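> Numbering (the numbering used here), first residue to last: 269 to 568. Glycine included, each C-beta is placed from N, C-alpha and C at the ideal position. What you are looking at is a predicted structure, and each value in this text was computed from that prediction instead of being measured. Just dropping this structure here.
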Ligand code: BT5
């Protein structure tokens with residue numbers, strides 16, 4: 269398209285078009301310019317850029333898209349936006365994090381080639397029911413990645429796994445008072461491209477897909493997956509997700525050991541699925557134990 273046609277269509281000057289084309293090139297867009305034929309878009313960068321993700325997302329809950337480049341932690345950025353009054357459905361994206369966080373102050377390795385996304389939610393749900401939101405989000409991430417063709421499962425409470433390795437993690441943070449939740453930030457990190465030095469125990473989405481997916485489509489799939497699971501959760505609580513969860517629950521029927529943050533064993537037995545509050549049920553030798561938090565390992 270000629271610079272003149274673009275300027276007319278967008279209602280800006282020719283100089284503005286050329287300035288924006290330059291800015292897009294700096295972001296990684298390949299745009300050719302020829303004197304007679306005008307501009308042509310050759311390729312879009314393999315990054316979760318907000319405008320590409322916005323175009324690809326279908327769930328109407330996602331209303332505002334930020335970030336896309338390098339940041340400390342998208343959860344920190346989303347928390348700041350949430351505290352400042354950003355609406356439910358605000359999304360922060362990144363292609364690399366320098367301070368990616370897991371639960372309990374752990375690290376989330378976030379090199380280039382991953383997809384990092386945090387979502388602001390404002391559920392009108394009592395704080396006591398919030399525990400189910402972690403497995404709800406993990407289910408949503410799994411459903412989103414499955415829609416791309418990857419055979420993935422969920423590992424309570426917040427992991428998405430493939431081939432026995434961790435493909436994605438969910439970090440939920442919230443601010444609440446008494447019986448009212450002010451905001452929830454759901455952060456998701458997906459290992460997408462396999463880096464030269466893979467993280468120990470990590471799976472990479474690109475090795476699981478039938479055909480390559482650009483980073484923005486992975487982000488959109490995650491958002492649509494989480495958006496879908498979240499609306500079902502709001503309508504019917506975790507009970508509305510129980511059957512879908514059971515279908516992708518990789519712990520179900522397996523021998524597991526649950527540990528608290530200090531590494532102390534809190535239960536060992538057979539995982540028997542989740543209860544209506546999203547807590548893990550373990551059948552142990554001395555009876556049924558229900559867990560609302562913990563780290564689970566599968567017994568060999
Ligand atoms: C999680 O914690 O799995 C939550 C990860 C959430 C990351 C997202 S990225 C976007 C948003 N912004 C953030 O800063 N965070 C969120 P947890 O269950 O505690 O698991 C952390 C553990 O996973 C670490 O202690 C490592 O053992 C392992 N790990 C770290 N990086 C990994 C990676 N890239 N792939 C697989 N495992 C990893």
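Hey, how far is the Cα of residue 308 from the Cα of residue 269?
The straight-line gap from Cα to Cα measures roughly 7 Å.
> Would you decide whether residue 365 is buried or exposed? Buried here means 16 or more other CB atoms lie within 10 Å of its CB.
Looking at its Cβ environment, which holds 16 or more other Cβ atoms inside 10 Å, residue 365 is buried.
> Which of helix, strand or coil does DSSP assign to residue 414?
Residue 414 falls in the helix class under three-state DSSP.
> Along the chain, which unbroken stretches of the beta strand (DSSP E) at least 3 residues long are found entirely within the stretch 275-305?
Counting only runs of 3 or more, we get 298-302.
> Report whether the distance from the Cβ of residue 423 to the nearest heavy atom of the ligand BT5 is below 6 Å.
False, no ligand heavy atom lies under 6 Å from that Cβ.
> Looking at the structure shown, is residue 330 part of a helix, part of a strand, or coil, going by DSSP?
Coil at residue 330, not helix or strand.
> Quick one: what's got a C-beta closer than 6 Å to residue 383's C-beta in the same chain, skipping five residues either side?
The answer, listed in chain order, is 316, 458, 460, 483, 486 and 487.
> For the beta strand (DSSP E) containing residue 484, name the first residue and the last one.
Here residue 484 belongs to no beta strand (DSSP E); instead the alpha helix (DSSP H) covers 483-504.
> Out of 297, 286, 311 and 492, which has the shortest C-alpha to C-alpha gap to residue 303?
Ranking the options by Cα distance to residue 303, first place goes to 286.
> Which residues does DSSP pair with residue 361 in a beta bridge?
Residue 361 pairs with 335 and 385.
> Quick check on residue 408: does DSSP put it in helix, strand or coil?
Helix at residue 408.
> What are the boundary residues of the alpha helix (DSSP H) that includes residue 220?
Residue 220 is absent from the model: the chain starts at 269 and stops at 568.
> Give the single residue among 532, 508, 381 and 520 whose Cα lies nearest to the Cα of residue 545.
Comparing Cα positions, the closest option is 508.
> Since residue 209 sits in a beta bridge, which residues does DSSP pair it with?
Any property of residue 209 remains undetermined from this structure, which presents the chain solely from 269 to 568.
> Compute the minimum distance between the beta carbon of residue 565 and the heavy atoms of the ligand BT5, and state whether it is under 6 Å.
No, Cβ of residue 565 sits at least 6 Å from all heavy atoms of the ligand BT5.
> I'd like to know whether the C-beta of residue 550 is nearer than 7 Å to at least one C-beta of chain D.
The chain inventory of the structure shown lacks chain D, comprising one protein chain alone.
> Tell me, to the nearest whole angstrom, how far the beta carbon of residue 404 is from that of residue 506; I am working on the premise that it is less than 8 Å.
The Cβ separation is near 7 Å, so the contact holds.
> If residue 438 and residue 456 are in contact, beta carbons under 8 Å, what's the gap, nearest whole angstrom?
Contact flag correct, Cβ pair sits at about 6 Å.
> Across which residues does DSSP place residue 556 in a beta bridge pair?
Answer is 551.
> Is there at least one non-hydrogen atom of the ligand GTP closer than 6 Å to the beta-carbon of residue 562?
Summarising the ligand content, the structure contains the ligand BT5 and does not contain the ligand GTP.
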